[in-house]
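Notes to accompany the following structure.
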Amino acid sequence: MSCQSPNARTRTDAQGRTAPGRGAIRPCPSASVRVLSPLGAIEAAFNARRLARLGFAARAPEAVRVGNRTARQLVRELAAYFRGDATGFLTPLDLDSGTPFQRKVWEELRRIPFGTTLSYGELARRVGAPRAARAVGRAVGANPIPIVIPCHRVIRSNGDLGGFSAGLEIKRWLLRHEGCL
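Numbering (my numbering), first residue to last: 155 to 335.
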């Protein structure tokens, strides 16, 4: 996860609010950590004391580098999740990179219980946009913090898995781990 200058490009939505635009430049994280999981290396970046991004790293992790208390908390919570000892995460999150609609979808994703799945259409109804399943799908796909914000729990109404930013094999593994498949 590379970082660049904090001068972010923005766009304005229909209500006149600004949000990061295409190609927005994200500020450098204040801390980062790389952890080995059953799915491979996971890299997380933190802004101040909140988790801002999480993704699967292309290369194996070096020794775990923990930069702050929030990073240490995430490392413990990820280890417990992958051991099967935890069903959720309490690590503080930085969702400021999303539009208001995306943040609403991401908050609703956090309410999907461990071991359950939800369709994109049902998620759209829950966020008050029953005819916006595709927009909800785009917001789910833009989730900057997969696993912690459990976008893997959203599937198509016909039972197909749909998509996942890290690939369908990882989504399938996560759903099996949670007893959904």
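Cβ atoms here follow ideal geometry from the backbone N, Cα and C, with glycine treated the same way. Being a predicted model, the structure only gives us computed values, none of them experimental.
- By alpha-carbon distance to L190, the top candidate from A212, F200, R207 and R204 is A212.
- The beta-bridge partner set that DSSP reports for E197 consists of R188 and G209.
- Sorting F200, A278 and R207 by C-alpha distance to the C-alpha of E262 places A278 at the top.
- Note on geometry: alpha-carbon atoms of T270 and G291 lie some 18 Å from one another.
- Under DSSP, R204 shares a beta bridge with N201.
- If you keep only unbroken alpha helix (DSSP H) runs of at least 4 residues inside the region 225-305, you get 254-263, 274-280 and 287-295.
- Going by DSSP, R330 is part of the alpha helix (DSSP H) stretching over L322 to H331.
- In this structure, the alpha-carbon of G275 lies about 7 Å from that of P284.
- Looking from the CA of S184, the closest CA among R223, R307 and F318 belongs to R223.
- With respect to L193, I324 sits close: the two C-beta atoms are nearer than 7 Å.
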